[in-house]
Structure formats: C-alpha cells, structure tokens
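Here's the structure we're looking at; comments come further down.
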Amino acid sequence: MDVTGTATAVVQASGEPMETGSRVVSQQSHRFMGLPLEIITHIARFLPQRDILTFSLLDKTCFALVRDARLQERAFARRNGGTRLPRCFQVDSYGHAMKPWFQRMDPEATAEMDGAMNTSHFPFLVNYGVARALANTQHLQLRSVLSTPHSGRLRTPFLCLSPDGQHLAVYRANPAPTPSEVVLLAIGGTRKPSEVGCLTHHVTLGGCRFSEDGKTFATLALDDDMHCLHQQDTGRWGGQERLVTGKFNHGQPCHVESNHILTMAAVENRGMGTGIFCWQRDNNLVWQSTMLPMDKQQRVTPQISADSQMLLSYRNESGNEPFHPNTTAVLWQKQASGSYRMSDTHSLQDNLQAATFVGNKALLLQTRSEIFLLRIGEQGELIERARLPVPMRASGTRRCRITFNAVKCGFFVHDDDQHTVRYVGISEQGDVQEGQALASLPVMALYNTRCIVSSDGKHLVIENGQQVQVISENEQKQWQQSLGPFPSPSRNIVFSPDQQHMVLRHWAHRPHTGNRLLPPPQGQMDQSHLYKEAQVYTFQRTRCQWLVSGILKGAGSLFHVAFSPNAEMLATACGDRYARIYGKDQNRQWFEKARMVFRYPVINTTFTLDNIHLVATTIDDRLHYIAISKARTMPPFTMETRQQAAKRKLGDNAQSGRGSRQKRRSVSHEV
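Just so we're aligned, residue 165 is where the sequence shown starts under the working numbering, counting upward by one.
In structure tokens, the structure reads:
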C-alpha cells in the first residue's frame, strides 16, 4: 500500500482535517513499517467519512486511531464529552433493528456487518456504516411512519428524546377535566414506534427529562409537583409516583437518576432566591426532599458538574456596599447514599458575577474585580490556583466584560473602548498565558449583544442582531478572526456536533397584527419575526476560516434547523409546510437530498440518535415520526414538474406561432 500516495489523495478528497486528541496508541508494530505513528495519525485526520471504516479494518493500530474519542466526533453522538451509541447498534438488536435498513441502503455493507458481529467493536462499525451509507446516497426518501397528537406550542418544545435513543416522550394536552398525558414511545431502528408507558397530569406540563441510562422519566407540572416513571424489566414503564414539592416555583429537572432528582427552584417566599432542590430515595423506596441552603443571587444560578457529583451554591455576607454583598462559594459533594454534604467554602471578598465548572475538578469564578481558578481536591477541598484582576478598559473608568471558556480553562476579555477581544488561558498549575488583542464588535454598547462559545471551546461568536463576528483558534493554538464582522441580522446560531459546520439564520421583521400577549390562532404562526434564509458555513482548519458551504431557503420562514448526531445531514422546518434534509457532496457543499410536505407549517425538526429517523412537529399540534431511506427514483423537486413543463410547452408553442406568422407575413410581402 502506497502510504504517501494515500495521504496525498486523502488530503485532496477531504479538504480539511479534524484535530485528534491525545495519542491512544503506543509505538507498536503495524502494517506501515518504516513510518512513524505521527504520520499514520495525520492520515487518519484527513480521511473522508466514507473511508474511515476501511481504514479502521486495516490493523489494530488503525482501529485504535479511529476509536480515539476526538476522531469519533465526526460520526458519534456526543453527550457530556463522552460517546453514546443507541441500543439498536448492539449485536442483540442489529438483526431486527438495523439490518433491514442496511439491506436497502447499502447491501455491500450488510455482508461486512455480518462478518464482524462477533467482534467487540461491532457497534462502532454499525455507526460508521450508517454515516457512510447516508453520505454516499445522492437522494433520500422521507416516509411517515407515525402521526400522533403532540402539544408543542408551550413555553418549551417538549420534544424529549432519551439519551440512549430508545424512547420518545409525546405530550398530549387535553381540556379540563380530562387529564393531560405524556406517552412514552419505544423507538430505534426500523421498528414502528409503540406505546410502552403513560403518565397523567391534571395541570399543564412544565418540563420533562430522561435519566442518563434512559430508565427513569421525570416531569414537572405547573403546580410544582414532580411525577416519575420507571422502566421495568419487561420494557414497559409503570409505577407512576407523584412528589409533592410545595410552592417552590421549580424549573426544569436538571439531572435525573433512578433514585435521585435535581431541580432548580425559586423559593422567594422563604427569602432564599434560586436554589437546588434534591429528591432522594431512601432504603424503603420513599422519596425524601432536601433544599440546599442558598442566598439570593440575581446574576448567577447554581452550578452542577457534568457528572452531577459536585454542586456549587452561594452564601451572601455583609460587605462594605449594602447592594453588593460579599459572596462565599459553597461546594457540595455527593455521597454514596445519594445525599450531598458541604465539603468546602471559599470567600470571594466581593459580589459574584459568574461561575462555571471546568470539567469535574475545577471552578472558574468571577467577581466584580477578580477572577478565580479553584481546583477541587480528592477530599472535596477548594484549592486556589490563580487569582487575576479583571482588566480595566483603556479609558480606565470601567472594567472589561468577561466571557468564560470552560472547555479551555480560560476567558475572553472584551475592551469596548478599543473594540478589541483577547483570550487569557490558565494552566492547571495556575500559569497565565495571554493572547494578542483582536479587533472585535463592541459587547457593552448594545444590551442585546450575545457572546457564544462553541462546545469544543475553539470558537467565539459575537452577535448583536445587526452584525456577526467569529473568533477561532488556529493550529498554532493562537486566536484569530475567522469570520466577519459583517452585517447580518442573525439571532440564531447552530453548531454541528463535530463543530465543523455552523448555521446562521437571518431574520426579517414583520409587524404583528394581533395581541402579542395571546398565542396566534391554531394553524397560524406568529409572523412578527421571520427567519427568511440561512447560510451554512464550514470551518477550514488550515486557513482558520469559516467559508460559505450552502444556503438554506424556503418559500416560508425557517423556524428550526438541526444537525444529525453524525453531522452528515441537517434538517429544516419551514413555514411553507416542507421539512427538508440536506447533505454534503464531495466538495463539502450542502445540497438538498429530500423533502416532505405537510398540511400545516413545520415548526421543529430533530434527528433521532440512530440518524435514520426524523421527528417533526407541525403547527396543528401533531408529531410526525419519519423514516429516512434511499430514494428508488429521482425526487420530484429535482425534476421538471408538470406545471413547469406545461408552461415551457406553452412558451414553445407561442414562440413557434409567432415564427410562423412572421414567415407568412414575409411571404405575402414578397408576393
């Protein structure tokens, strides 16, 4: 095998690489003898999606490179920094859940999967096979499998999918006195969704969430009562439990386990502000509730680590200024019993402005004048690693605005006097490294300015409804301007799961003709703010630039845009009653692969975790479960429609008629 030629061909085919994580393969013998492992890793970074599976099967070294967690970002669903595969990709479910789909989409891949069923990496191969089949299919077909009532026009979308990709929650709001229902549907693979559980509410639903293992489902009603369902060994859901919380004005459940539930609660009647409300099951399977003491904080909400083992609350103390009391950070650590105990405190000597966890072992805190990096020790103690002053503006009158980058353990400093932004990184030992100042949009001049950090911590988006700018980290670990600033009335930014693509929706304002306090009539949409089109940008890592790779349009407004978990497709929900699916060609340009028309405007589209189904909701309060497969014939939107053909034929006839009349007139004149 000519490795040099392969590397050259791969670079030309894929365009730009993905950055790999830490090296997971030791210097062992492999098929590419004579080449260092760094060269093989470099080849893997440039491989296009369709060749990753072939590369992984060459030998153990190549397979280990492909299984690197950072490389998996290209074709794996990411949750809390980890890799999560749906249950239908496992060996015991593949035969009836995924094999029929592969037989229609890619028959050659079916033989490859059958030969690898006894291997430990079989779910990984199924996932790469799905991504490869979808990428290599030019035209897709959308087929409705299920249409059911679903009330999705409340204050949250209520399109709730379980983390394991096995269940979908459907909310059916009924007029009083009939109780409302939350129906759980079993999904995944080619099987038709089936009802496996039902939870009833006598008041409007306020929020819902699955546990990380997908076996517990919790809802919160507007009367602040919690309801739970648990999955039984038979696969059915039952044992509905009602947890009376009292008048605590809860938010959505932020963490759910089989024996533990955390919610944010506002307890103004107790004068405590926003706090953390904990439900815990004791040995007798009786739910016990506790409220972590916390003083009122207007700016900062309680923080929960990604693994839910640590909680951060705050306690106010009397200071020199009555309206800006000093804050003490309080760290709570989860015990083996499931309860939380206070492990340590840290006095900040000022009023807290922002706080976030850095992974599960560190904290970034900002007061009005200082920034703290606190490490969490083995016993839960807080160790101060760095204390930095919040920089002053160039004029020296006010301090700069700070935007945390928890993934990189650093922050951005915005100076509106000089219109600059710079990145400051902090190492684990507390060493500070400051980047150069870059031209930036002002962030404090307009109250509606937003600063958004991508989930991988490598991009900062600054937008104010009039202009958009993106700052990115290049291959030399330096920050530079990668997009804009340019005029763009965008108020909605969507990143793909692999952070290689970005969608900016541009909205156009229209006057609202009805009462803004009342919802629009059924079957109609609020036309006050309409997203008329969207642009897709692809990140070129070697140049550190975002380049336009597609334009999403429709006859109506684009209400929602979503990427598939493997980042091979994106779906749009449009007011022209169409749901469209886009894919990438060989030049990494996005083009339309499939569309489906409904009776009413589509307001939401979401891919399932298996990447082969689309869940769409329409304005008539219905949910549609749609299967994605290979189109047997060319889709109608790629061919000439009957109306277009009739108009063209009519135009040809008219043109031929004019030509014959001109010929007759010329002949008669000659005569």
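Quick reminder that beta carbons are idealized off the backbone N, C-alpha and C, glycines included. Since we're looking at a predicted model, the values are computed, not measured.
task: State yes or no: is the C-beta of residue 581 within less than 9 Å of the C-beta of residue 565?
output: no
query: Using a beta-carbon distance below 9 Å, is residue 361 in contact with chain D?
result: The displayed structure is made up of one protein chain only, and chain D is not part of it.
message: I need the boundaries of the alpha helix (DSSP H) containing residue 258, first residue and last residue.
response: 255-261
field: Buried versus exposed call for residue 540 [16 or more other C-beta atoms within 10 Å across all chains shown]
entry: buried
For residue 605, the three-state DSSP class (helix, strand or coil): coil
message: Suppose you measure from the CA of residue 481 to the CA of residue 515; what does that come to, to the nearest Å?
response: 9 Å
query: What are the start and end residues of the beta strand (DSSP E) that includes residue 649?
result: 643-651
message: Do residue 632 and residue 619 have their beta-carbon atoms positioned less than 9 Å apart in this structure?
response: no
- request: Under the assumption that residue 558 contacts residue 594 (Cβ atoms under 8 Å), give the Cβ distance between them as a whole number of angstroms.
  value: That pair is no contact at about 27 Å.
query: Name the DSSP beta bridge partners of residue 564, please?
result: Paired residues: none, contrary to the question.
Top-ranked residue by Cα proximity to residue 503, from 358, 426, 727 and 378: 426
- request: For the alpha helix (DSSP H) holding residue 272, just list the boundary residues, first then last.
  value: 271-279
task: Go to residue 536, then tell me how far its beta strand (DSSP E) extends in each direction, as first and last residue.
output: 534-540
query: My guess is that residue 393 and residue 402 are in contact by the Cβ rule of under 8 Å, so how many angstroms apart are they, rounded?
result: 7 Å
message: Quick check on residue 373: does DSSP put it in helix, strand or coil?
response: strand
- prompt: Comparing alpha-carbon positions, which option in 753, 349, 795 and 420 lies nearest residue 711?
  reply: 753
- request: Give the secondary structure of residue 292 by DSSP, where H, G and I count as helix, E and B as strand, and everything else as coil.
  value: helix
- prompt: DSSP on residue 300, reduced to helix/strand/coil?
  reply: helix
field: Uninterrupted beta strand (DSSP E) stretches inside the segment 327-385 (no shorter than 3 residues)
entry: 331-336, 344-350, 358-365, 369-374 and 380-385
task: Quick one: residues in its chain with C-beta nearer than 6 Å to the C-beta of residue 570, no 5 flanking neighbours on either side, listed in chain order?
output: 520 and 522
- prompt: Got a sec? Which residues, its chain only, sit under 6 Å from residue 242 by beta carbon, not counting five neighbours each side?
  reply: Legend: pLDDT at residue 242 = 38, less than 50; position of this residue unreliable, no value from coordinates given.
field: Same chain, Cβ closer than 6 Å to residue 667, neighbours up to 5 away in sequence not counted
entry: 658, 698, 700 and 725
task: Assess, as a yes-or-no matter, whether the segment 465-476 is touched by the segment 488-497 under the definition of 3 or more beta carbon pairs within less than 8 Å.
output: yes
message: Checking 9 Å against the spacing of the C-beta atoms, do residue 478 and residue 458 come in under that value?
response: yes
field: DSSP state of residue 690 mapped onto helix, strand, coil
entry: Any reading at residue 690 needs caution, since the residue's pLDDT is 48, under 50, leaving its predicted position unreliable; the model's value is listed next. In this structure, residue 690 counts as coil in the three-state DSSP scheme.
message: With H, G and I counted as helix, E and B as strand and the rest as coil, what does DSSP make of residue 682?
response: In this prediction, residue 682 scores a pLDDT of 38, lower than 50, which makes its location untrustworthy; the coordinate-derived value is nonetheless stated afterwards. Looking at residue 682 - three-state DSSP - the assignment turns out to be coil, as it is neither helix nor strand.
- request: Answer yes or no: do residue 365 and residue 347 have a C-beta to C-beta separation smaller than 9 Å?
  value: no
message: If the criterion is Cβ atoms closer than 9 Å, does the pair residue 307 and residue 793 meet it?
response: yes
field: Close-in-space but distant-in-sequence residues of the same chain around residue 677 (CB under 7 Å, 5 per side omitted)
entry: Bear in mind that the predicted position of residue 677 carries a pLDDT of just 44, short of 50, making it too unreliable to give a figure here.
query: Where do the ends of the beta strand (DSSP E) carrying residue 789 lie?
result: 786-794
- prompt: Comparing alpha-carbon positions, which option in 312, 758, 775 and 772 lies nearest residue 302?
  reply: 758
field: Among 736, 745 and 775, the one whose alpha carbon lies nearest that of residue 767
entry: 736
query: Would you call residue 235 buried or exposed, if buried means 16 or more other Cβ atoms sit within 10 Å of its Cβ?
result: Confidence in residue 235 is poor, its pLDDT being 43 and thus under 50, which makes the residue's placement too unreliable to answer from.
task: Provide the residue(s) that pair with residue 656 in DSSP beta bridges, ordered along the chain.
output: 669
query: Taking the C-alpha atoms as reference points, what is the distance between residue 340 and residue 614?
result: 41 Å
message: Considering only the alpha carbon of each residue, which of 573, 572 and 535 lies closest to residue 555?
response: 535
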